[in-house]
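Encoded as structure tokens, the structure appears first; notes follow it.
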Amino acid sequence: MKRRRRVRSSSAPTMWGKITSHIGIWLGLEEERPMRASCSLSMLHHPQVNAVRNSKSSENLHRVTIATQKSKESESSPSSRKSTIFTLRRSRNKEKKYKTNGMTAGKSFNDMTQSWHSNGVNQINGGQPQSATATPTKTIFNFLRPARSRSNNANEMVLVSSTRGNGVAPACSTSSTVADFTHLRKRRPRSAHYDPNTITLPSKEEMTTQDVNDLYKRLEKLGEGSYATVFKCESRLDGSIVALKEIKLQFQEGLPFTAIREASLLRTLRHANIVCLHDIFYQHHQLTFVFEYMKMDLSKYLENNPYGLESFQIKLLLFQLLRGLDFCHRKKILHRDLKPQNLLLDEDGVLKLADFGLARAKSVPSRTYSHEVVTLWYRPPDVLLGSTNYSTQLDMWGVGCIFAEICIGQALFPGTKDVVDQLEKIFRIRGSPDEQKWPEVLSLPHYTPGTFPPYKGLAFMAISPLFTKIMKSGQELLSMFLQLKPENRVSAASAMLHPYFASLPREIHLLAPAQSIYKLSELQHFRHEF
Amino acid sequence: MGSRKRRSSSRLAGGSSAEGKPMEDGFSSQLLSVLLQRERRLLQDLPQRMPQGDDVIGWRERNREASWTCSAARRLGLGLDSSALAVALLDRVVLNTRVPSKYINCVAAASLSIAKKICEDHDEDSYVFLGRLRLEYSASELKRMELRILSLLDWDAHLPTVYRFVESFLCQIGAAFFLDLIRPHVEALLCESLLTAKFRPSVLALSLVSILLESSNRQYQQTTNAMAKSCKIDMFELNRCRGKLLSLWTRLLLPKLTPFELLAPQLEEGLDAKGEQFRCLAPTPTGQCPAPTSTPDLASPRPLQPTPC
Numbered sequence: 001m002k003r004r005r006r007v008r009s010s011s012a013p014t015m016w017g018k019i020t021s022h023i024g025i026w027l028g029l030e031e032e033r034p035m036r037a038s039c040s041l042s043m044l045h046h047p048q049v050n051a052v053r054n055s056k057s058s059e060n061l062h063r064v065t066i067a068t069q070k071s072k073e074s075e076s077s078p079s080s081r082k083s084t085i086f087t088l089r090r091s092r093n094k095e096k097k098y099k100t101n102g103m104t105a106g107k108s109f110n111d112m113t114q115s116w117h118s119n120g121v122n123q124i125n126g127g128q129p130q131s132a133t134a135t136p137t138k139t140i141f142n143f144l145r146p147a148r149s150r151s152n153n154a155n156e157m158v159l160v161s162s163t164r165g166n167g168v169a170p171a172c173s174t175s176s177t178v179a180d181f182t183h184l185r186k187r188r189p190r191s192a193h194y195d196p197n198t199i200t201l202p203s204k205e206e207m208t209t210q211d212v213n214d215l216y217k218r219l220e221k222l223g224e225g226s227y228a229t230v231f232k233c234e235s236r237l238d239g240s241i242v243a244l245k246e247i248k249l250q251f252q253e254g255l256p257f258t259a260i261r262e263a264s265l266l267r268t269l270r271h272a273n274i275v276c277l278h279d280i281f282y283q284h285h286q287l288t289f290v291f292e293y294m295k296m297d298l299s300k301y302l303e304n305n306p307y308g309l310e311s312f313q314i315k316l317l318l319f320q321l322l323r324g325l326d327f328c329h330r331k332k333i334l335h336r337d338l339k340p341q342n343l344l345l346d347e348d349g350v351l352k353l354a355d356f357g358l359a360r361a362k363s364v365p366s367r368t369y370s371h372e373v374v375t376l377w378y379r380p381p382d383v384l385l386g387s388t389n390y391s392t393q394l395d396m397w398g399v400g401c402i403f404a405e406i407c408i409g410q411a412l413f414p415g416t417k418d419v420v421d422q423l424e425k426i427f428r429i430r431g432s433p434d435e436q437k438w439p440e441v442l443s444l445p446h447y448t449p450g451t452f453p454p455y456k457g458l459a460f461m462a463i464s465p466l467f468t469k470i471m472k473s474g475q476e477l478l479s480m481f482l483q484l485k486p487e488n489r490v491s492a493a494s495a496m497l498h499p500y501f502a503s504l505p506r507e508i509h510l511l512a513p514a515q516s517i518y519k520l521s522e523l524q525h526f527r528h529e530f
Numbered sequence: 001m002g003s004r005k006r007r008s009s010s011r012l013a014g015g016s017s018a019e020g021k022p023m024e025d026g027f028s029s030q031l032l033s034v035l036l037q038r039e040r041r042l043l044q045d046l047p048q049r050m051p052q053g054d055d056v057i058g059w060r061e062r063n064r065e066a067s068w069t070c071s072a073a074r075r076l077g078l079g080l081d082s083s084a085l086a087v088a089l090l091d092r093v094v095l096n097t098r099v100p101s102k103y104i105n106c107v108a109a110a111s112l113s114i115a116k117k118i119c120e121d122h123d124e125d126s127y128v129f130l131g132r133l134r135l136e137y138s139a140s141e142l143k144r145m146e147l148r149i150l151s152l153l154d155w156d157a158h159l160p161t162v163y164r165f166v167e168s169f170l171c172q173i174g175a176a177f178f179l180d181l182i183r184p185h186v187e188a189l190l191c192e193s194l195l196t197a198k199f200r201p202s203v204l205a206l207s208l209v210s211i212l213l214e215s216s217n218r219q220y221q222q223t224t225n226a227m228a229k230s231c232k233i234d235m236f237e238l239n240r241c242r243g244k245l246l247s248l249w250t251r252l253l254l255p256k257l258t259p260f261e262l263l264a265p266q267l268e269e270g271l272d273a274k275g276e277q278f279r280c281l282a283p284t285p286t287g288q289c290p291a292p293t294s295t296p297d298l299a300s301p302r303p304l305q306p307t308p309c
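Sequence order for the protein chains is A and B.
If you read the first sequence in full-length UniProt numbering, its first letter stands for residue 1, the second for the next number, and so on.
If you read the second sequence in full-length UniProt numbering, its first letter stands for residue 1, the second for the next number, and so on.
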């Protein structure tokens, strides 16, 4: 029995609404609309609603208030429509028609909202206007809407809104306008497509209140890719320098997933070593992300240092990289595209992680991901062999590659052809996978035993004498990053506690996420070296 | 007893990778605290009631679209995290703004598209997505709706969903294997606004996990209490949610027998077996192992078509 009722309840009102609507149209009674759909019954259970009449008619929930001039202004102001996702386009004739009536349609809805949600309303009396003082400055007249009521019995009690306590805003206070589409019902299309004559999504230009070009002045182009162009810009308001990432949207394509991910993730990641997303604009078929400005990326910096960086610089940069990455990993977010191009440096030498377009929240281990992540040179061997079941260890391999690169000034595994070539380069230095130590390798899709020669691996000093810069402890840490078996790789949090960083002040581990390491007095004289 | 309690509490605290051990794949308690923090912040500015008005959708339409979203996600082969995020996005939109009933399916489709882009790795063009769901919207319309939703959410679309809480709770207690089995149960929950509007995602998730534990382990209460304490969830609220969740599952996931089946004597044996199978899903205090492998799919109450106006 219950089930039958449930099924009927989902479809019957829709059908009944359609039938009555059509009959109304045929008979020309639609303007009067003697019957209308009920409000959600949930409103009846609202704590601020007192039932003072037995009728459950939703008509009684509505009151019309003739408001003051002020409400008229609020109706026309854009802020009154701000909370509605859909705007109503009404023809001028219709507007005129309703304005000439005693109870204008558009106005009455705003007024109705104010009446229903206003704190000063206490009682309504049988369809007669009754003044009620809501605030000292505003007088509100309340009306019952008799024509809209299913029940014509004026003696019946009505549902009224009352404020309890210190005037807490009612639950529906966010809906600043309550638009009535009754007068448009005749013209409402039957399809779900947008009809410009009725209600539409606002045009794209309406979505941003300010033009990005009015706010920022372009200074120079910083870079261009297939997906976005980055400009250095100056704020016209305060003269601050920002980086604008402009993403061109194709007319017939959806929003790029990289943009959605980057924006969504960076909204929740606020850290001194993660690039800050200030604002987002959408206009002229273009999405613009306003980032904090960074002087250069690590790749460019390395171009000027072909033999790698100085030992203490390496230490500071690696620590900052680990700090930012640890913050992401603690929130179970994988960056998945670590490379020197995505590590930005400011004038003080603060390193920040950027480009979270490929990043994603890590799910349970059973969930599989794409193995086509991370630029080839920084992709770990398990992912190169087709693993789709990776976790935060994916990023740690990239950290190892970057660590080596800032030591020696060039990439450690610069594959030139394909995945096999990349694997060859890795195995030559780190040794071929040992099936006894790493039995899971046998189950990886692209692994075939005997494909690669049995390399034993090389010591880092044998690869380049420049590794002496990081001493033995640094080489040990590098080896912990570059483990073939993902489970053996050290985590970002553990790596920060490695003896390699023992020369850094202890307070560095106690800094708040938003504080830069250069806040420490011991490190302040290193900040101008970049 | 004391040692067991200590062990369970230390396990609940989660093995953080900051302890100097090699990297662990388990979910740390830090993720849970992050989720709880975000949930608290998001709930602060979320209205508890839907905006009212003529031709504006109500909870019934919301439930219908949530159900459509879940079935569409299944059709596309998306994970439960995508379904849960899509429904969470839909909920935030319908609670924060007035959505005319004409557009609710478009909002649901755009929410699913955003959730897919966030949770799934394998991207596809919008027109393929729309074609697979047999929707009549154009890619441009979908994009505009996506933009509207994202701007409404201030581009903070990675919401703490029921699924994310369930996942972190189950991973904490080492019962992540349940995640593959509970899809119908989570979907039933997502499609019921009486639950989602009344209880926070964390409370819903813990209730769900608690019922799962009850069905498989007699010591479920200690674990539930410890998790509730760590998440600062009121036990009264939790019990109320558990009761409602159980009645929902009983109503939706128990087999629906026709009068003929009920009265037919020759089918008695078969019915008993069927009934027994589903009785396990609604766990009893005695605690039986659940057998949700053959649970019925939640049928969408309507075909995959745009909402007619």
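Backbone N, C-alpha and C define an ideal beta-carbon position, used for all residues, glycine too.
Identification of residues in the segment 151-168 of chain B having a C-beta nearer than 7 Å to some C-beta of chain A yields 151, 152, 155, 156, 157, 158 and 167, given in sequence order. Nearest C-alpha to residue 185 of chain B among B/208, B/129, B/117 and B/42: B/208. For residue 146 of chain B, the residues of chain A that pass the 9 Å Cβ criterion are 254, 255 and 260, in the order they occur in the chain.
CA-to-CA, the gap between residue 290 of chain A and residue 515 of chain A works out to about 21 Å.
DSSP, read as helix, strand or coil, puts residue 201 of chain B in helix. Leaving aside the five residues that flank residue 139 of chain B on each side, the residues in its chain whose CB is nearer than 7 Å to its CB run, in chain order, 126, 127 and 130.
Between residue 329 of chain A and residue 356 of chain A, the CB-CB gap reaches or exceeds 8 Å. DSSP lists A/334 as the bridge partner or partners of residue 360 of chain A. Contact between the segment 499-515 of chain A and the segment 467-476 of chain A is present, with at least three C-beta pairs closer than 8 Å.
In this model, residue 64 of chain B and residue 45 of chain B are separated by some 25 Å (Cα to Cα).
According to the DSSP assignment, residue 140 of chain B belongs to the alpha helix (DSSP H) that extends over 139-152. Under the three-state reduction of DSSP, residue 286 of chain A is assigned to strand. Residue 296 of chain A carries a strand assignment under DSSP once its states are collapsed to helix, strand and coil.
CA-to-CA, the gap between residue 236 of chain B and residue 242 of chain B works out to about 10 Å.
Within the same chain, 429 come within 6 Å of residue 458 of chain A by CB-CB distance, once the 5 residues on both sides are set aside. Residues of the segment 328-353 of chain A with a C-beta atom less than 8 Å from some C-beta of chain B are 329, 330, 331 and 332, listed in chain order.
Counting of Cβ neighbours within 10 angstroms places residue 380 of chain A among the buried residues, the total reaching 16 or more. At a cut-off of 8 Å between beta-carbon atoms, residue 288 of chain A makes no contact with chain B. When the beta-carbon positions are compared, residue 288 of chain A and residue 246 of chain A come within less than 8 Å of each other. Within the same chain, Cβ atoms closer than 7 Å to the Cβ of residue 235 of chain A are found at 215, 216 and 242, the five residues on either side in sequence being excluded. Secondary structure in the segment 448-476 of chain A: the alpha helix (DSSP H) runs of 4 residues or longer, each lying completely within the stretch, are 460-463 in chain order. Bounds of the alpha helix (DSSP H) holding residue 229 of chain B are 220-230.
For residue 267 of chain A, the chain B residues whose Cβ falls inside 7 Å of its Cβ are 155 and 156, in order along the chain. Across the set A/461, A/462 and A/424, the C-alpha of A/424 shows the shortest separation from the C-alpha of residue 450 of chain A. Counting other Cβ atoms within 10 Å of its Cβ, residue 250 of chain B stays below 16 and is therefore classed as exposed.
DSSP, reduced to helix, strand and coil, places residue 381 of chain A within a helical segment of the structure shown. Taking a beta-carbon distance threshold of 8 Å, residue 87 of chain B does not count as an interface residue toward chain A. The C-beta distance from residue 265 of chain A to residue 359 of chain A rounds to 5 Å, short enough to fall under 8 Å.
By the rule that beta-carbons nearer than 8 Å mark a contact, residue 40 of chain B does not touch chain A. Contact annotation: residue 252 of chain B and residue 66 of chain B have beta-carbon atoms that are not nearer than 8 Å. In the three-state scheme derived from DSSP, where H, G and I count as helix and E and B as strand, residue 173 of chain B is classed as coil. The C-alpha of residue 345 of chain A is placed about 13 Å away from the C-alpha of residue 518 of chain A.
Close to chain B, meaning a Cβ-Cβ distance shorter than 9 Å, are the following residues of the segment 272-283 of chain A: 277, 280 and 282. Of all C-beta pairs linking the segment 280-287 of chain A to the segment 161-173 of chain B, fewer than three are shorter than 8 Å, placing the two stretches out of contact.
At a Cβ-Cβ threshold of 8 Å, residue 407 of chain A and residue 467 of chain A count as neighbours.
The CB of residue 404 of chain A never comes closer than 7 Å to any CB in chain B; the least such distance is about 20 Å.
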